[in-house]
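One structure is given below, encoded as structure tokens.
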Amino acid sequence: MKTKVALIVIGLWLGAGWTPGALAADAGSGKAVYEKSCVGCHGADGKGNAAMAKVLGEKGLNIVGKNTQAKKDADLLKVIVDGAGKMPAQKSLSKDERKQVLGHVRSLAK
Ligand code: HEC
87 MKTKVALIVI GLWLGAGWTP GALAADAGSG KAVYEKSCVG CHGADGKGNA AMAKVLGEKG
147 LNIVGKNTQA KKDADLLKVI VDGAGKMPAQ KSLSKDERKQ VLGHVRSLAK
């Protein structure tokens with residue numbers, strides 16, 4: 087009997103913990119995707135991770151500059167999906183995630 091109660095309590099706890107977490111992830115998923123897949127190279131502020139810029143010998147890691155922001159969504163989405171130069175293709179992102187992550191990049195540039 088005690089085990090049953092404990093299982094129910096754990097079940098409720100997991101259920102309660104999971105739902106708001108999933109909703110929160112949905113609302114901020116552009117940011118979540120960015121933090122998971124992009125921060126390592128582009129940095130949390132989008133200006134580029136300095137250490138990574140050295141490793142890659144790359145100047146293209148700042149994606150919040152005027153040059154990048156002047157480009158069309160379609161062009162930037164293409165880079166995100168297909169990659170470019172040393173930027174790896176991000177094929178595992180769903181259509182929605184690509185748009186959300188681009189939205190996050192645009193919001194960093196403001
Ligand atoms: C391994 C490092 C790396 C990772 C991870 C990475 N990028 Fe990049 N990204 C680059 C490099 C290098 C470039 C410049 C490519 C070039 O030569 O044009 C670039 C270019 C871009 C550009 C185009 C900039 C422009 O002006 O054309 C966008 C947008 C971009 N990245 C977004 C992202 C997003 C969003 C993610 C995560 C989903 C991501 N990148 C993950 C290295 C990376």
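If you count by the working numbering, then the sequence shown holds residues 87 to 196, one letter each, in order. Backbone N, C-alpha and C fix where the C-beta goes; we use that ideal spot for every residue, glycine too. Because the structure is a prediction, the values reported are computed rather than measured.
Identify, in the order they occur along the chain, each residue of the same chain with its Cβ nearer than 7 Å to the Cβ of Ile149, setting aside the five sequence neighbours on each side. His128, Gly132 and Val191
Proximity below 7 Å, CB of Gly143 to CB of Gln186: Against a cut-off of 7 Å, the Cβ pair of Gln186 and Gly143 comes out as no contact.
Measure the Cβ-Cβ separation of Gln169 and Ala175 and say whether it is below 7 Å. The sequence shown places Gly at residue 169, not Gln. It is a contact, given that the beta carbons lie within the stated cut-off.
Which residues does DSSP pair with Gly170 in a beta bridge? Sequence inspection shows Ala at residue 170; the Gly mentioned does not correspond to that position. Paired residues: Met173.
Let me confirm a value: Val119 is counted as buried when at least 16 other C-beta atoms fall within 10 Å, else exposed. Which label applies? Buried, since its Cβ has 16 or more Cβ neighbours within 10 Å.
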